[in-house]
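Novice: Here it is: the structure, laid out below.
Chains as they are written, first to last, in the numbering used here: chain A, 43 to 355; chain B, 619 to 920.
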């Protein structure tokens with residue numbers, strides 16, 4: 043038995059990554075960043091607001107949490123919609139009662155189908171992040187470039203039409219990209235993306251990858267991972283997030299500003315038996331003197347302002 | 619031809635073995651195995667095992683692991699350092715080329731390096747002897763050039779092997795393998811030549827198992843590690859045991875997990891029964907004092 047000799051060749055084995063999408067950098071070697079008012083931890087909520095068509099597509103892949111039973115899956119179709127009709131308003135009420143502005147990563151279809159909801163989000167002073175057309179528009183290598191460009195344009199125009207302004211940020215479904223994604227997002231005028239979970243502060247993608255700022259939206263701290271994948275009860279979710287905040291706050295005191303990105307799902311955290319626990323977490327966080335509640339675009343602006351000016355040409 | 623027993627070791631019941639005494643009269647040897655890995659973004663396909671689930675680039679899978687080399691390693695290492703734990707690193711040796719900063723940092727802390735293959739995206743299955751020799755020799759050379767250390771141990775890349783692996787490790791002068799999970803004490807491994815032992819790696823308490831197979835919360839995982847320690851330390855007064863904590867800093871170094879884990883380090887460091895050490899030191903001590911001769915191993919098994 044033997045392996046193809048090519049399997050033991052390592053053409054990209056050298057300094058830096060085996061790709062050109064971004065540069066390596068150690069979080070702890072960077073100049074300390076300070077958030078507004080000298081706060082240590084930027085708490086960034088991102089609510090995924092999604093529409094799952096009743097007939098799912100598997101091209102290029104089926105989105106997580108999409109339909110599961112044989113057609114028609116009324117159970118999951120309507121349970122996801124529960125989040126959009128009910129859970130989302132519970133979350134908005136919880137944030138607005140505490141004066142917290144959040145980011146909402148919305149499918150363009152939400153604006154097309156439920157413009158009232160997008161208007162309510164905008165009226166609350168929250169940010170809209172673009173999050174593809176709907177959950178049948180996943181992207182991976184193999185999606186033709188013109189199709190992906192159309193997905194981005196259609197999403198941005200649907201959201202801009204209802205919200206009144208063009209989103210500055212993008213979150214891919216399942217954080218999945220093609221080789222073209224970064225460049226196409228840049229060409230569409232977007233300023234940041236949230237897909238790369240490899241860091242805990244914003245950083246800039248390379249020019250070859252579009253040059254946008256990546257604001258890492260940690261999936262492991264998301265309610266989908268903690269509650270759905272790992273099946274933790276609500277009280278454990280709260281405990282884990284409090285532990286994360288306390289650790290990051292300690293690190294911030296020594297090493298500079300940190301981020302606590304909290305990805306939320308209306309049909310997970312907006313359920314009646316869980317929302318009270320989540321509101322308790324919000325009260326705990328609001329009482330932390332070190333917390334800065336930031337939207338993605340506020341984080342972006344604060345991070346950009348802290349970067350050294352580019353050297354004169 | 620089907621092989622049903624790899625013939626790597628004899629049956630040797632836990633009951634009635636002579637006691638292993640660790641240096642300082644300690645009951646349990648505790649070592650931490652951070653896996654410092656490099657996963658390629660566009661690895662070649664192996665005929666027998668698939669890696670990523672999406673076409674390249676699998677952004678989430680890659681970026682999650684990349685967190686280790688930008689954030690997680692430093693956070694984990696600092697917590698270990700605070701409580702006097704030196705790592706014994708299962709190293710994707712190509713990391714020496716890609717991110718020498720990580721390797722340098724670990725070397726400066728006095729950590730031990732052993733090989734975890736070239737990349738965690740290159741599996742050993744189906745390699746012929748010459749190919750497997752090549753990755754072992756590459757590992758020895760690469761770690762030596764990067765750190766000055768001569769590796770003593772091995773953990774198959776992504777836990778992949780061939781039937782020749784153990785013979786080839788011993789032939790190249792390596793003394794321990796972390797690939798066999800049949801015991802809580804070091805044990806002799808049969809090889810064509812040389813001296814090789816199995817180093818307990820405690821795969822069941824690997825953080826990947828804890829979080830992604832058993833779906834433990836961070837605090838449950840920490841409590842499990844403490845129970846594991848308490849039991850092995852108590853038994854170790856009679857038998858002499860080894861506990862490994864196998865880690866991936868992109869998991870244990872996440873902000874919601876590291877605090878609970880640091881409590882485990884604090885607990886073990888304060889206990890007093892543990893020889894807190896490195897895998898190579900455990901192997902050296904065992905081989906110097908307890909390694910049976912080849913004949914004695916066979917006799918004991920009868």
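C-beta: ideal position from N, C-alpha, C; glycine also.
Among A/195, A/82, A/253, A/174, which residue has its Cα nearest to the Cα of residue 294 of chain A?
Specialist: Per the Cα distances, A/82.
Novice: Taking only runs of the alpha helix (DSSP H) that begin and end inside the segment 713-777 of chain B, which ones reach a length of at least 4 residues, in chain order?
Specialist: Fully enclosed alpha helix (DSSP H) runs of 4 or longer: 713-716, 718-726, 747-765.
Novice: So the candidates are B/746, B/769, B/823, B/837; which of them puts its Cα closest to the Cα of residue 43 of chain A?
Specialist: Of the candidates B/746, B/769, B/823, B/837, the one whose C-alpha sits nearest the C-alpha of residue 43 of chain A is B/746.
Novice: What separation, rounded to the nearest whole angstrom, lies between the Cα atoms of residue 704 of chain B and residue 909 of chain B?
Specialist: Between residue 704 of chain B and residue 909 of chain B, the C-alpha separation is close to 25 Å.
Novice: For residue 114 of chain A, which of helix, strand or coil comes out of DSSP?
Specialist: The answer is coil: DSSP assigns residue 114 of chain A none of H, G, I, E or B.
Novice: How would you list, in chain order, the residues of chain B whose beta-carbon sits under 7 Å from the beta-carbon of residue 255 of chain A?
Specialist: Those within 7 Å of residue 255 of chain A in chain B number zero; the least Cβ separation is about 15 Å.
Novice: Taking Cβ-Cβ distances below 8 Å as the criterion, which residues of the segment 80-99 of chain A are in contact with chain B?
Specialist: Correct list: empty, as no residue qualifies.
Novice: Contact criterion: CB-CB distance below 9 Å. Does residue 77 of chain A meet it with respect to chain B?
Specialist: Not closer than 9 Å to any Cβ of chain B, the Cβ of residue 77 of chain A fails to qualify, so no.
Novice: Could you run through the segment 319-348 of chain A and flag, in chain order, every residue whose CB is less than 7 Å away from some CB of chain B?
Specialist: From the segment 319-348 of chain A, no residue has a Cβ closer than 7 Å to chain B.
Novice: Does residue 248 of chain A have its Cβ less than 9 Å from a Cβ in chain B?
Specialist: So, not an interface residue.
Novice: So which of A/240, A/211, A/239 has the shortest CA-CA distance to residue 226 of chain A?
Specialist: With distances taken between Cα atoms, residue 226 of chain A lies closest to A/211.
Novice: Just to confirm, is the Cβ distance from residue 148 of chain A to residue 160 of chain A under 9 Å?
Specialist: In contact: residue 148 of chain A and residue 160 of chain A (Cβ atoms closer than 9 Å).
Novice: Are the segment 198-210 of chain A and the segment 128-144 of chain A touching by the rule of at least three beta carbon pairs closer than 8 Å?
Specialist: No, they do not touch.
Novice: Step through the CB atoms of chain A and report whether any lies within less than 9 Å of the CB of residue 919 of chain B.
Specialist: Model confidence at residue 919 of chain B stands at a pLDDT of 45, short of 50, so the residue's coordinates are unreliable and nothing is read from them.
Novice: Helix, strand or coil for residue 816 of chain B, going by three-state DSSP, please let me know.
Specialist: In the structure shown, residue 816 of chain B sits in a strand (DSSP, three-state: E or B).
Novice: Among A/63, A/178, A/228, which has the Cα closest to the Cα of residue 151 of chain A?
Specialist: That would be A/178, whose Cα lies nearest to the Cα of residue 151 of chain A.
Novice: Hey, is residue 178 of chain A's beta-carbon within less than 9 Å of any beta-carbon in chain B?
Specialist: With 9 Å as the cut-off, residue 178 of chain A does not count as an interface residue toward chain B.
Novice: Can you check whether the C-beta of residue 262 of chain A is within less than 9 Å of a C-beta belonging to chain B?
Specialist: So yes, residue 262 of chain A belongs to the interface.
Novice: At the level of alpha carbons, what is the spacing between residue 726 of chain B and residue 55 of chain A?
Specialist: Distance between the alpha carbons of residue 726 of chain B and residue 55 of chain A is about 23 Å.
Novice: For residue 662 of chain B, which residues in chain A fall below 7 Å Cβ to Cβ?
Specialist: By Cβ distance, chain A contributes 48, 49.
Novice: Can you list, in chain order, the stretches of the alpha helix (DSSP H) that have 4 or more residues and sit fully within the segment 150-233 of chain A?
Specialist: DSSP runs (the alpha helix (DSSP H)) wholly in the segment 150-233 of chain A: 150-155, 157-165, 187-205, 223-229.
Novice: Expressed to the nearest angstrom, what Euclidean distance is found between the alpha-carbon atoms of residue 779 of chain B and residue 722 of chain B?
Specialist: Cα to Cα, residue 779 of chain B sits roughly 28 Å from residue 722 of chain B.
Novice: Can you find a C-beta in chain B that's less than 9 Å from the C-beta of residue 43 of chain A?
Specialist: With 9 Å as the cut-off, residue 43 of chain A counts as an interface residue toward chain B.
Novice: Relative to the C-alpha of residue 195 of chain A, which residue among A/215, A/184, A/173, A/183 is closest?
Specialist: The shortest C-alpha separation from residue 195 of chain A is found at A/173.
Novice: In chain order, what residues of the same chain have a beta carbon less than 7 Å from the beta carbon of residue 219 of chain A, not counting five sequence neighbours either side?
Specialist: Result list for residue 219 of chain A: 181, 237, in chain order.
Novice: Could you tell me the alpha carbon to alpha carbon distance between residue 176 of chain A and residue 731 of chain B, rounded to whole angstroms?
Specialist: Their backbone Cα atoms lie some 48 Å apart in a straight line.
Novice: Suppose the cutoff is 8 Å on Cβ atoms and the five residues either side in sequence are ignored; what does the same chain contact list for residue 914 of chain B look like?
Specialist: With a pLDDT of 47 at residue 914 of chain B, under the threshold of 50, the predicted position of this residue should be treated as unreliable, though the coordinate-derived value follows. Within the same chain, residue 914 of chain B has no close Cβ partners at all.
Novice: Does residue 219 of chain A have its Cβ less than 9 Å from a Cβ in chain B?
Specialist: Closer than 9 Å to some Cβ of chain B, the Cβ of residue 219 of chain A qualifies, so yes.
Novice: Going along the chain, which residues of the segment 695-720 of chain B sit with their C-beta nearer than 9 Å to a C-beta in chain A?
Specialist: Under the 9 Å Cβ criterion, the segment 695-720 of chain B contributes 696, 712, 715, 716, 717, 718, 719, 720.
Novice: Could you work out which residues of chain A lie near residue 876 of chain B, taking near to mean beta carbons separated by less than 8 Å?
Specialist: Here the neighbours are 289.
Novice: What's the C-alpha gap between residue 776 of chain B and residue 158 of chain A?
Specialist: If I take the Cα positions, the gap works out to 50 Å.
Novice: Determine the extent of the alpha helix (DSSP H) in which residue 130 of chain A is found, giving its start and end residues.
Specialist: From DSSP, the alpha helix (DSSP H) with residue 130 of chain A extends over 130-139.
Novice: List, in order along the chain, the chain A residues whose C-beta lies closer than 7 Å to that of residue 677 of chain B?
Specialist: In chain order: 217, 218, 219, 237, 238.
Novice: Compare the C-alpha of residue 642 of chain B against each of B/773, B/858, B/683 and name the closest.
Specialist: Nearest C-alpha to residue 642 of chain B: B/858.
Novice: Among B/866, B/849, B/686, B/653, which has the Cα closest to the Cα of residue 802 of chain B?
Specialist: With distances taken between Cα atoms, residue 802 of chain B lies closest to B/849.
Novice: In this structure, does DSSP put residue 253 of chain A in helix, strand or coil?
Specialist: Coil at residue 253 of chain A, not helix or strand.
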